[in-house]
Amino acid sequence: MLEYLHTMIKVDDLDRSLDFYCNTLGMIEVKRLEDLEERCTAVFVAAPGDMASAPFDARFAPAIELYKYWDEAERDAHRSSAYGHLSFRVDDIYAACTALRDAGRTINRPPRDGFKAYVETVDGLTVELIQRRPAKTPAEPWLSLPDTGHWNG
Amino acid sequence: MHYLHTTIFTADLDKTRAFWDVLDMRTVRELVVPKINARAVFLSGSHDEESGRSERFAPTIALVERSAEAGPVGISHICFRVDDIYATCQGLLDKGHTLKMPPRDGFRAMVRGPEGAVVEFHQAGERKVPQEPWLSMADGV
Numbered sequence: 305m306l307e308y309l310h311t312m313i314k315v316d317d318l319d320r321s322l323d324f325y326c327n328t329l330g331m332i333e334v335k336r337l338e339d340l341e342e343r344c345t346a347v348f349v350a351a352p353g354d355m356a357s358a359p360f361d362a363r364f365a366p367a368i369e370l371y372k373y374w375d376e377a378e379r380d381a382h383r384s385s386a387y388g389h390l391s392f393r394v395d396d397i398y399a400a401c402t403a404l405r406d407a408g409r410t411i412n413r414p415p416r417d418g419f420k421a422y423v424e425t426v427d428g429l430t431v432e433l434i435q436r437r438p439a440k441t442p443a444e445p446w447l448s449l450p451d452t453g454h455w456n457g
Numbered sequence: 803m804h805y806l807h808t809t810i811f812t813a814d815l816d817k818t819r820a821f822w823d824v825l826d827m828r829t830v831r832e833l834v835v836p837k838i839n840a841r842a843v844f845l846s847g848s849h850d851e852e853s854g855r856s857e858r859f860a861p862t863i864a865l866v867e868r869s870a871e872a873g874p875v876g877i878s879h880i881c882f883r884v885d886d887i888y889a890t891c892q893g894l895l896d897k898g899h900t901l902k903m904p905p906r907d908g909f910r911a912m913v914r915g916p917e918g919a920v921v922e923f924h925q926a927g928e929r930k931v932p933q934e935p936w937l938s939m940a941d942g943v
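In the order they appear, the protein sequences are chains A and B. To convert a position in the first sequence, counted from 1, into my numbering, add 304. To convert a position in the second sequence, counted from 1, into my numbering, add 802.
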């Protein structure tokens, strides 16, 4: 099963964007991640009419992810579009990635951790795949597949 | 207010659909956008298919075909359904925002967020009766 999670938007000023989405439009902050590894802050906001449809869990859906790079150089490298990825939750991330590879697609970030993968679409968009909890046990061939190419946030 | 869809422009709808098919997306609606005479398909993930086919019509992704000459491909905007599109737009004006597209038709409006993303609004239920000040308001940036 494939479940829509969120669309990611790259922001310059998190407070200004949160003011817009939450104070002006009335959306609600449902989760905040400080990612030390990827050096970013990710804030997930949801529309009030979607609050009943999904529980507060690790990945709230449907939502908008407001994504702030900590490093200006990293932000500049991703300035080509205001949007980053579209995110979907899958029941079996290995099966989804295998199907994509069989269709000739490159998995830009293979699911080495059994939890997350990125793949570029034919339109140059990035799709994020998130394994429904629990994460898979890390396994080959994914474990030895390196990151490939560039993906847009 | 609830999330409806993210719209993606593509120069080759069939090729783009083939990609999303691999990911177990289901077509929940197909139409032609009259204003730009463009083919559009709405896809839901298999988990969301029932909701996508229902009156809620969400969450989906909208693939809209247009030639490369007509503009860039990729994500165009994020769309939400709102209870009162005039109230939503008035709230934006009160905060100093310019509407990229005012709700002249009583149904659709667009605004650009501070980071450059475009957010679209659809009126829930019946469209509103077109009225001022929206009717004579020109498109912003």
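Note that beta-carbon positions come from the ideal geometry of N, C-alpha and C, so glycine has one too. As the structure is a computational prediction, the values presented were derived from the model and not from experiment.
Could you tell me whether the Cβ of A/V315 comes closer than 8 angstroms to any Cβ of chain B?
Here residue 315 of chain A is taken as the residue at index 11 of the first sequence, counted from 1. Yes, its Cβ sits closer than 8 angstroms to a Cβ of chain B.
Using 8 angstroms for Cβ pairs, my map puts B/P874 next to B/Y805. What's the rounded Cβ distance?
Residue 874 of chain B sits at position 72 when you count from the first residue of the second sequence. Residue 805 of chain B sits at position 3 when you count from the first residue of the second sequence. In fact, because the Cβ distance is near 23 angstroms, the residues do not count as touching under 8 angstroms.
Please report the residue range of the beta strand (DSSP E) in which B/Q892 lies.
Within the second sequence, the letter at position 90 stands for residue 892 of chain B. For B/Q892, there is no enclosing beta strand (DSSP E); the residue is found in the alpha helix (DSSP H) stretching over I887 to D896.
Where DSSP assigns a beta bridge to B/C881, which residues make up the other side?
Here residue 881 of chain B refers to the residue found at position 79 when the second sequence is read from its first residue. Partner(s): B/H807 and B/E922.
Are the stretch 433–448 of chain A and the stretch 407–420 of chain A touching, with three or more C-beta to C-beta distances below 8 angstroms?
A contact exists between the stretch 433–448 of chain A and the stretch 407–420 of chain A.
List the residues that DSSP assigns as beta-bridge partners of A/K335.
Here residue 335 of chain A corresponds to residue number 31 of the first sequence, with the count starting at 1. Partner(s): A/F348.
Report the three-state DSSP secondary structure of B/V866 (helix, strand or coil).
Translated into the one-based positions of the second sequence, residue 866 of chain B becomes position 64. It is a strand residue.
Please look up how many angstroms separate the CB atoms of A/E263 and A/F392, rounded, as I've assumed it's under 8 angstroms.
Residue 263 of chain A lies beyond the stretch modelled for chain A, which goes from 305 to 457, so this question has no answer here.
With a cut-off of 8 angstroms, does the C-beta of A/D375 fall near any C-beta of chain B?
Mapped onto the first sequence, residue 375 of chain A falls at position 71. Not one chain B Cβ lies under 8 angstroms of A/D375.
Alpha helix (DSSP H) containing A/I434: first to last residue?
Position 130 of the first sequence, counted from the start, is the residue given in the question as residue 434 of chain A. Annotation: A/I434 is outside any alpha helix (DSSP H); the continuous beta strand (DSSP E) that includes it extends over T430 to Q435.
Could you give the distance in angstroms between the alpha-carbon of B/S848 and the alpha-carbon of B/V824?
As a working note, residue 848 of chain B is residue 46 in the second sequence. As a working note, residue 824 of chain B is residue 22 in the second sequence. Near 12 angstroms, if we compare the C-alpha coordinates of B/V824 and B/S848.
Residues of chain A with CB under 7 angstroms from B/G918, in chain order?
In the second sequence, the residue the question calls residue 918 of chain B occupies position 116. Contacts between B/G918 and chain A, judged by CB atoms closer than 7 angstroms, involve A386 in chain order.
8 angstroms Cβ cutoff, A/F348 in contact with chain B:
As a first step, residue 348 of chain A must be located in the first sequence, where it is residue number 44. Not closer than 8 angstroms to any Cβ of chain B, the Cβ of A/F348 fails to qualify, so no.
Quickly, what does DSSP pair A/Y398 with across the bridge? List them, please.
Stepping through the first sequence from its first residue, residue 398 of chain A is reached at position 94. In the DSSP output, where bridge partners are listed per residue, A/Y398 has none listed.
Figure out for me which residue from B/F811, B/K817, B/R819 and B/P932 has the closest Cα to the Cα of B/I838.
As a position in the second sequence, residue 838 of chain B is number 36, starting the count at 1. Scanning B/F811, B/K817, B/R819 and B/P932 for the CA closest to the CA of B/I838 turns up B/F811.
Outcome for A/Q435 when other beta-carbon atoms lying within 10 angstroms are tallied against a minimum of 16
Numbered from its first residue, the first sequence carries residue 435 of chain A at position 131. Its Cβ being crowded by 16 or more others within 10 Å, A/Q435 is buried.
For B/G876: DSSP bridge partner residues:
To locate residue 876 of chain B, count along the second sequence from 1; it is residue 74. B/G876 pairs with B/F811.
Starting from A/A367, follow its DSSP beta bridges and name the residues at the other end.
In the first sequence, the residue the question calls residue 367 of chain A occupies position 63. Answer by DSSP bridge pairing, in chain order: A/H310.
Step through the CB atoms of chain B and report whether any lies within less than 8 angstroms of the CB of A/L306.
Numbered from 1 along the first sequence, position 2 holds the residue referred to as residue 306 of chain A. Closer than 8 angstroms: yes.
Is A/V334 close to chain B? Criterion is C-beta to C-beta, closer than 8 angstroms.
Working through the first sequence from its first residue, we reach residue 334 of chain A at position 30. For A/V334, the answer is no, since every Cβ of chain B falls outside 8 angstroms of its Cβ.
CB-CB under 7 angstroms to A/A351, same chain, minus the five flanking residues each way: which ones, in chain order?
Taking the first sequence and counting its residues from 1, one reaches residue 351 of chain A at position 47. Sequence-distant partners of A/A351 (beyond 5 residues in either direction) whose C-beta falls short of 7 angstroms from its own C-beta, in its chain, are M331.
When you compare the CB of A/P352 with every CB in chain B, is at least one pair closer than 8 angstroms?
Numbered from its first residue, the first sequence carries residue 352 of chain A at position 48. Taking Cβ atoms only, chain B reaches closer than 8 angstroms to A/P352, which makes this a yes.
Against A/I368, what residues of chain B qualify as contacts under a CB-to-CB distance less than 7 angstroms, listed in chain order?
Residue 368 of chain A sits at position 64 when you count from the first residue of the first sequence. In chain order: I880.
Using 8 angstroms as the cut-off, can you tell me whether the stretch 337–345 of chain A makes contact with the stretch 906–924 of chain B, which would need three or more C-beta pairs spanning the two stretches below that distance?
Contact between the stretch 337–345 of chain A and the stretch 906–924 of chain B is not established, with fewer than three Cβ pairs separated by less than 8 angstroms.
For A/G453 and A/N327, the rounded distance between their alpha carbons:
Here the question's residue 327 of chain A lines up with position 23 in the first sequence. Here the question's residue 453 of chain A lines up with position 149 in the first sequence. Going by C-alpha positions, A/N327 is about 38 angstroms away from A/G453.
For chain B, is any of its Cβ atoms less than 8 angstroms away from the one on A/S391?
Here residue 391 of chain A is taken as the residue at index 87 of the first sequence, counted from 1. Answer no: the Cβ-Cβ gap between A/S391 and chain B never drops below 8 angstroms.
Compare the C-beta of B/D886 against all C-beta atoms of chain A and say whether one is closer than 8 angstroms.
Mapped onto the second sequence, residue 886 of chain B falls at position 84. No, B/D886 lies away from the interface with chain A (no Cβ there is under 8 angstroms from its Cβ).
Contact criterion: CB-CB distance below 8 angstroms. Does A/S321 meet it with respect to chain B?
In the first sequence, the residue the question calls residue 321 of chain A occupies position 17. At least one chain B Cβ lies under 8 angstroms of A/S321.
Nearest by alpha-carbon distance to A/A407: which of A/K420, A/E424 and A/D395 is it?
Counting from 1 along the first sequence, the entry for residue 407 of chain A is found at position 103. Here the closest residue by C-alpha is A/E424.
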